[in-house]
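Q: This structure is in structure tokens; I'll ask about it shortly.
Protein chains: 4
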Amino acid sequence: MIRVAIIGASGYTGAESIKIILQHSQAKLVYLTALPEECSPVEDVFPQFKGRCNLPIEPLDFGKLSGLADAALCCLPHKVSMGFVPKLLDMGLKVIDFSADYRIKNVAVYEKFYQKHTDTANLAKAVYGLPELFRKQIKSANLVANPGCYPTGAILAIAPLLKENLIDTDSIIVNAVTGISGAGKNPSSKFHFPNMNENLFPYGIGSHRHLPEMEQIASDMAGRDVQILFQPHAGPFDRGILSSVYCQPKEKTNNDQLAKLYNTFYASEPFVQVRKDPPAVKDVAGTNYCHIFATCVKGKIVIFSAIDNLVKGASGQAIQNMNILFGIDETMGLL
Amino acid sequence: MIRVAIIGASGYTGAESIKIILQHSQAKLVYLTALPEECSPVEDVFPQFKGRCNLPIEPLDFGKLSGLADAALCCLPHKVSMGFVPKLLDMGLKVIDFSADYRIKNVAVYEKFYQKHTDTANLAKAVYGLPELFRKQIKSANLVANPGCYPTGAILAIAPLLKENLIDTDSIIVNAVTGISGAGKNPSSKFHFPNMNENLFPYGIGSHRHLPEMEQIASDMAGRDVQILFQPHAGPFDRGILSSVYCQPKEKTNNDQLAKLYNTFYASEPFVQVRKDPPAVKDVAGTNYCHIFATCVKGKIVIFSAIDNLVKGASGQAIQNMNILFGIDETMGLL
Amino acid sequence: MIRVAIIGASGYTGAESIKIILQHSQAKLVYLTALPEECSPVEDVFPQFKGRCNLPIEPLDFGKLSGLADAALCCLPHKVSMGFVPKLLDMGLKVIDFSADYRIKNVAVYEKFYQKHTDTANLAKAVYGLPELFRKQIKSANLVANPGCYPTGAILAIAPLLKENLIDTDSIIVNAVTGISGAGKNPSSKFHFPNMNENLFPYGIGSHRHLPEMEQIASDMAGRDVQILFQPHAGPFDRGILSSVYCQPKEKTNNDQLAKLYNTFYASEPFVQVRKDPPAVKDVAGTNYCHIFATCVKGKIVIFSAIDNLVKGASGQAIQNMNILFGIDETMGLL
Amino acid sequence: MIRVAIIGASGYTGAESIKIILQHSQAKLVYLTALPEECSPVEDVFPQFKGRCNLPIEPLDFGKLSGLADAALCCLPHKVSMGFVPKLLDMGLKVIDFSADYRIKNVAVYEKFYQKHTDTANLAKAVYGLPELFRKQIKSANLVANPGCYPTGAILAIAPLLKENLIDTDSIIVNAVTGISGAGKNPSSKFHFPNMNENLFPYGIGSHRHLPEMEQIASDMAGRDVQILFQPHAGPFDRGILSSVYCQPKEKTNNDQLAKLYNTFYASEPFVQVRKDPPAVKDVAGTNYCHIFATCVKGKIVIFSAIDNLVKGASGQAIQNMNILFGIDETMGLL
């Protein structure tokens with residue numbers, strides 16, 4: 007039984023992680039922490055867990071944590087995270103970190119989009135936690151950088167094309183729409199119900215923080231520099247990201263070749279389903295699955311991918327990573 | 007042409023008032039004010055008015071206002087409102103006040119549910135702005151207390167029964183569901199999109215501030231003390247209030263008698279439509295109409311009423327009142 | 007391992023049942039059936055199950071079913087169901103029936119609200135599947151009549167009061183709002199997205215088919231005839247029922263007494279949570295839980311209960327019943 | 007006073023047209039028609055018009071229509087429309103046709119995407135009703151082909167770039183998301199509330215019928231053949247289309263140049279607002295406005311446009327066209 011501590015349990019990814027582990031037959035929650043002002047019985051923060059989880063959410067006490075847990079899901083925001091992760095690793099915990107702090111290998115790029123990096127030693131050792139591409143490295147890691155939600159959807163959509171060198175690497179446009187749980191639990195005017203309901207809008211034009219992460223992994227796949235035009239949008243639903251990806255094939259291709267490529271590439275992946283028709287956000291909501299459909303339109307390749315931003319885009323993928331780290335069935339708790 | 011100033015124009019009722027007056031052929035906007043921190047070109051606060059309204063939203067300057075306007079729509083919160091209204095009246099403006107400050111005649115009751123009243127002189131002169139019941143008094147008023155959204159829906163539903171002394175005055179249960187625009191524009195955790203979307207919940211149990219207002223007018227109608235069990239709920243939509251009202255008839259009645267009662271009572275009312283089937287919130291969304299249906303069920307009378315909380319429940323009714331105050335066609339700008 | 011056949015798997019309750027059993031460690035799906043025109047690989051009917059469930063949905067073949075399954079979840083509409091259940095029972099299957107056909111003991115009442123009953127023999131033996139009230143009888147049953155969604159929410163809200171004889175049995179008003187999954191998967195004008203979105207309305211006034219079921223069980227609890235004014239509404243969300251129940255106490259009571267009553271009554275119930283604050287639909291969405299809060303307002307008792315209509319109101323409760331029938335942990339697959 | 011007949015008044019564009027004309031001070035409704043099975047008092051079809059419009063919806067009777075109206079808004083589906091329009095024109099009516107029948111000048115293209123064309127004589131004379139580009143021609147037309155909703159949003163977004171020959175004409179990608187009112191009023195499984203709510207998906211891949219219309223007008227603007235990759239999506243909201251358009255500039259440009267280009271191009275247009283920030287669907291919902299923002303990202307030009315599909319994308323634009331046809335203020339009824 008993997009004993010799991012959730013550091014930063016009071017947000018949406020914390021709640022989703024709690025929910026999944028409650029259904030996980032080989033893992034159990036032992037410690038939930040948050041900032042002091044957000045601490046209380048878990049049912050006061052999350053009424054949905056009343057009678058299902060009796061742990062309190064309490065301030066992190068490293069003394070108490072010592073010896074208590076095997077794994078830490080670190081659901082903290084970037085910058086905060088790298089203040090805690092070194093200590094958690096020193097205590098011998100396997101750490102899956104939800105923040106951006108350990109995702110971007112190029113420190114200069116990280117510091118341009120975020121802030122000064124204070125833990126470059128662990129950054130160098132961290133493994134990017136997209137199991138479909140880096141399963142082998144994850145197996146032997148101590149620190150997994152759990153991917154961002156947008157990069158998960160976009161990278162799974164284009165990885166086969168990049169790996170096989172089939173597209174112009176400066177032609178990729180990722181037009182994505184996310185549900186609002188992706189914005190986190192802090193209220194804001196933009197996401198106030200009467201403003202967001204019945205609405206849809208683009209944001210983060212040319213500057214979204216998930217761009218360098220996306221380009222880094224895409225470049226890894228391609229073996230050369232990849233440039234992506236990434237345009238996120240917010241839509242009036244809770245969960246899910248639909249990525250509509252447009253790119254230019256190097257040579258004329260067709261739908262059969264694309265279907266074969268994707269089916270082969272993801273043949274043994276439990277959580278990637280290659281569809282024969284375009285996926286819908288609701289097909290994957292509440293699941294750890296990514297549904298993908300690729301097709302040719304007017305000389306371009308168009309790929310659609312759908313994930314649940316809180317599951318495959320965050321907590322589900324983290325637990326998938328945890329399962330790999332501990333050598334148990336990768337799908338445990340996630341079917 | 008009625009020259010209209012909107013005092014407190016930066017909220018949802020301000021926006022709705024602007025929208026209606028832009029379509030009003032005998033009224034025009036001359037002045038929009040708000041707290042200094044909310045001032046800017048109107049299109050920055052409300053992008054929907056870009057190219058439609060060129061006034062800025064600016065801090066209230068009584069010097070500037072003097073001689074500029076004929077009417078003031080005072081869209082301020084309670085307590086704030088009674089700090090401004092006396093001055094507006096002194097300047098000779100006709101004032102329609104959206105707050106609760108001038109609705110409750112019994113100062114002790116007001117002070118129990120709100121705070122100390124500082125303008126009891128004008129309170130005594132204010133007229134309750136429900137035209138269907140108080141049109142004659144509104145005509146000659148200088149200060150109209152624009153009704154709350156819940157009381158508008160509930161009172162229109164039960165007024166005919168109370169007026170005709172047909173029901174037990176302590177048997178009334180008002181179960182109402184409001185859209186979230188009723189909560190105003192300030193973001194909060196409860197109404198953060200991912201929390202409110204796909205949700206529905208009761209609130210204000212036994213203590214909602216619209217209760218004393220509702221009971222006061224109901225008692226006026228009945229000519230005796232009326233007690234109401236009023237239970238509001240919040241539902242995942244922008245606009246509208248559906249009130250489901252249950253009460254005990256004094257004597258057995260039937261659907262034909264009810265239909266006749268309601269049709270007669272509201273026969274000449276432009277904005278109250280007595281239906282032969284139950285109304286839906288969407289039937290009245292964006293309009294100044296109240297749709298009502300009354301029926302007998304298991305010995306009780308059940309009445310459903312639907313209004314748009316921002317229109318008949320706020321800005322539309324305010325402009326209906328303004329039209330009456332200035333002796334023009336009551337429906338101007340509202341059809 | 008309980009081998010489960012789902013008869014009528016192509017609707018929403020079928021999908022929800024599939025989903026739960028996929029996560030159930032002591033049950034597995036062996037057979038999914040539907041009308042011939044709705045048969046195909048399960049992923050074509052429900053894309054969300056692609057890669058998760060490889061069974062086809064096929065026309066029911068009793069020969070094939072023989073010996074294949076231990077339990078049948080019969081997700082058929084009323085009338086259709088009683089055409090299949092006798093045969094399923096004859097084959098030795100334990101049957102949990104989702105329709106109304108075996109819920110109403112009084113054949114005349116059933117026939118008034120539905121149609122002629124053709125299987126009164128099994129009706130007499132069927133047990134009403136609300137475990138919180140009838141667990142003992144369920145244990146030894148072969149046929150469980152799974153309760154309706156509205157009755158589940160309403161009965162759990164008032165059972166303690168009726169059992170203890172604390173309220174006037176003709177004073178109960180159940181004002182309930184359901185999500186639209188409750189209307190089933192067949193498209194209709196009322197529930198066409200642009201009509202239902204941003205809408206809320208009452209329906210089934212005085213005539214909803216869940217009324218006699220509700221009154222039957224309430225009367226069982228009270229030991230005398232109970233009359234309920236039940237008013238359903240449809241709201242713009244997928245899942246959940248909020249019941250706001252109003253009733254008249256026989257003697258003055260208070261919140262402490264109510265809290266004690268409910269906490270005691272449901273003390274050992276895994277799926278009923280007595281709250282200290284009013285529940286929200288979203289607190290129970292996707293779970294088998296019922297959240298309840300009871301309070302005194304103006305001399306009346308008001309009780310709020312929230313359930314997910316597809317889980318505790320249908321498939322979750324069915325699997326809770328199945329777990330009881332087979333003597334395994336009642337919460338299996340449902341936490 | 008323009009006397010208006012609405013042919014095919016029972017759908018969403020009919021309702022929106024009725025609503026606008028009710029607020030129009032120089033036009034009035036004189037005749038509402040529909041298929042016999044959809045005829046009844048307007049309030050039975052559209053409860054929102056109870057007390058606001060007393061005309062019945064009745065089967066079209068050319069004898070009755072004769073001399074009754076000056077203009078016909080023909081809200082019929084394609085194919086049906088070209089069966090009625092010739093007769094309406096023969097009667098001397100000015101016709102604004104909502105269908106695709108008179109939009110596509112190339113009969114072969116029309117027949118590929120739709121069906122055989124039976125009124126090519128009038129097709130040749132019809133003017134494409136996008137006032138921002140064809141106002142002069144509209145003025146003297148008798149038959150206006152009211153544009154499709156997607157083409158309206160997309161063409162307004164790219165017209166300035168095409169007209170000025172600034173972009174590669176085979177580089178244009180239009181990624182658009184529409185609200186569900188665009189799908190019309192007929193219920194379907196895809197748009198059944200529990201299926202569409204909380205959902206978002208692409209459709210019409212490579213084959214949407216609005217593509218040839220879009221390419222025809224774009225080619226007109228450019229003076230050469232333009233190829234567009236148009237990808238529509240359906241999103242969980244009632245109204246609005248957000249078009250996110252990506253294209254390749256011929257020469258490096260910058261945001262200032264783009265702002266200047268768009269502001270100049272649309273300087274005198276009442277209903278096109280060039281924004282300094284990206285538009286949101288809700289900014290234009292319920293209005294006849296198109297909000298546009300153009301910007302440079304990574305060497306490409308990205309343009310966002312937002313319209314209400316039922317107003318600027320259908321009924322509002324039709325009435326804008328009607329105002330032009332009759333020589334009155336183009337914005338009448340639409341502010």
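Sequence lines, in order, name chains X, L, S and P. Quick note, the first sequence lines up with residues 7 to 341 if you use the numbering used here. Quick note, the second sequence lines up with residues 7 to 341 if you use the numbering used here. Quick note, the third sequence lines up with residues 7 to 341 if you use the numbering used here. Quick note, the fourth sequence lines up with residues 7 to 341 if you use the numbering used here. The C-beta atom is built at its ideal place from N, Cα and C for all residues, glycine as well. Given the structure is predicted, the values throughout are model-derived calculations rather than measurements.
Among all the DSSP beta bridges, which residues are the ones paired with X/SER195?
A: Note: X/SER195 sits in no beta bridge, so no partner.
Q: Just to confirm the assignment, what range does the beta strand (DSSP E) spanning P/TYR37 have?
A: 33-39
Q: Output needed in chain order: residues of the segment 293-308 of chain L with a Cβ under 9 Å from some Cβ in chain P.
A: THR293, TYR295, HIS297
Q: Span of the alpha helix (DSSP H) holding P/ILE179?
A: Taken as a continuous stretch (DSSP letters only), P/ILE179 belongs to no alpha helix (DSSP H), being part of the beta strand (DSSP E) at 178-184.
Q: Is the separation between the beta-carbon of P/SER321 and that of P/GLU138 shorter than 8 Å?
A: Contact flag unset, no.
Q: Give, in chain order, every unbroken run of the alpha helix (DSSP H) that is at least 4 residues long and sits entirely within the segment 207-281 of chain L.
A: 216-228, 261-271
Q: Thinking just about the alpha-carbon of each residue, which of L/LEU66, L/ASP67, L/PHE52 is nearest to the one in L/ASN60?
A: L/PHE52
Q: Helix, strand or coil for P/ILE334, going by three-state DSSP, please let me know.
A: coil
Q: Closer than 8 Å, CB to CB, is X/ASP244 near chain P or not?
A: So, interface residue.
Q: Just verifying my parser: in three-state terms, what is the DSSP assignment at S/PHE52?
A: coil
Q: Run through the DSSP bridge pairs and tell me what S/THR158 is partnered with.
A: Answer is none; S/THR158 lacks a bridge partner.
Q: Is DSSP giving X/TYR120 helix, strand or coil here?
A: coil
Q: Compare the Cα-Cα distances from L/ARG9 to each of L/ALA75, L/GLY210, L/GLU49 and report the closest residue.
A: L/ALA75
Q: Can you pull out the residues from the segment 159-181 of chain S whose beta carbon lies closer than 8 Å to at least one beta carbon of chain L?
A: Cβ contacts with chain L come from ILE179, ASN181.
Q: P/ALA160 to P/ILE110, Cα distance in whole Å?
A: 16 Å
Q: Taking beta-carbon pairs under 8 Å, can you tell me which members of the segment 202-226 of chain X lie near chain L?
A: MET202, ASN203, GLU204
Q: For S/PRO53, would you say it is in contact with chain X, using Cβ-to-Cβ distances shorter than 8 Å as the test?
A: At least one C-beta of chain X is nearer than 8 Å to the C-beta of S/PRO53.
Q: Along chain L, in chain order, which residues have C-beta atoms closer than 7 Å to that of S/GLN233?
A: LYS304
Q: Mind checking the segment 322-336 of chain S against chain L and listing, in chain order, the residues whose C-beta falls within less than 8 Å of any C-beta there?
A: none
Q: Within 8 Å, do at least three Cβ pairs link the segment 281-297 of chain X to the segment 200-219 of chain X?
A: no
Q: Between L/LYS191 and chain X, is any beta-carbon pair separated by less than 8 Å?
A: yes
Q: Report the neighbours of P/VAL287 on chain X: residues whose CB is nearer than 8 Å to its CB, in chain order.
A: GLU204, ASN205, LEU206, PHE207
Q: Classify P/VAL317 as helix, strand or coil using the three-state DSSP reduction.
A: The three-state reading of DSSP puts P/VAL317 in helix, counting H, G and I together.
Q: Can you tell me which of the three DSSP states L/PRO65 falls into?
A: Coil at L/PRO65, not helix or strand.
Q: Comparing the C-beta of L/PRO157 with each C-beta of chain S, is any distance below 8 Å?
A: no
Q: Answer with yes or no whether the minimum CB distance from X/GLY241 to chain S is below 8 Å.
A: no
Q: I'd like the list of long-range same chain contacts for L/ILE307, defined as Cβ closer than 6 Å, with 5 residues on each side in sequence excluded.
A: CYS253, PRO255
Q: Give me the Cα-Cα distance between S/CYS155 and L/LEU129, rounded to the nearest whole angstrom.
A: The alpha-carbon separation between S/CYS155 and L/LEU129 amounts to approximately 49 Å.
Q: Between the segment 48-79 of chain X and chain S, which residues of the former have a C-beta closer than 7 Å to a C-beta of the latter?
A: PRO53, GLN54, LYS56, GLY57, ARG58
Q: Can you tell me whether S/PRO83 is buried or exposed? The criterion is at least 16 other CB atoms within 10 Å of its CB, across all chains shown.
A: exposed
Q: Do the segment 268-279 of chain S and the segment 138-152 of chain L make contact, defined as three or more Cβ pairs closer than 8 Å?
A: No: fewer than three Cβ pairs fall under 8 Å.
Q: Grouping DSSP H, G and I as helix and E and B as strand, with all else coil, what is P/ILE325?
A: helix
Q: If we count the other Cβ atoms within 10 Å of its Cβ and call it buried at 16 or more, is X/ASP335 buried or exposed?
A: exposed
Q: Taking its Cβ as the centre, do 16 or more other Cβ atoms sit within 10 Å of S/ASP96, making it buried, or is it exposed?
A: That one is exposed.
Q: Quick check on this structure: which residue in L/LYS122, L/ILE223, L/LYS56 has the alpha carbon closest to the alpha carbon of L/VAL86?
A: L/LYS122
Q: Against chain S, does X/LEU28 count as a neighbour if the rule is that its beta carbon must be under 8 Å from one of theirs?
A: yes
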